[in-house]
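**Q** Under the working numbering, the first residue of the sequence shown is numbered 29, with each subsequent residue one higher. For each residue, glycine too, the CB sits at the ideal point set by N, CA and C. Can you keep this structure in mind? I'll have questions shortly.
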Amino acid sequence: VNKYYDLATSFYEYGWGESFHFAHRWNGESLRESIKRHEHFLALQLELKPGMKVSFLMKIQYNLWQNDFPF
């Protein structure tokens, strides 16, 4: 099990960096830029200040086939 998650984590970090989430991409926007924009949006919504730390633990499940998105 440990070997699997070590390998899977390495794969995800290679593809997405340290962010294991996605963000809607605007035309011409890279994946990395979309994630950074979304993280800034979340920080503004949470009224985070420099030096504050955040831990986000949540399971969200959307039905992709029925366009069950909150945005």
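Suppose the cutoff is 7 Å on Cβ atoms and the five residues either side in sequence are ignored; what does the same chain contact list for R65 look like?
**A** Spatial neighbours of R65 in its own chain (CB-CB distance under 7 Å, excluding positions within 5 residues in sequence) are listed in chain order as A51.
**Q** Over what stretch of residues does the alpha helix (DSSP H) that includes L70 continue unbroken?
**A** L59 to Q73
**Q** Could you please give the first and the last residue of the uninterrupted alpha helix (DSSP H) stretch that includes S38?
**A** N30 to W44
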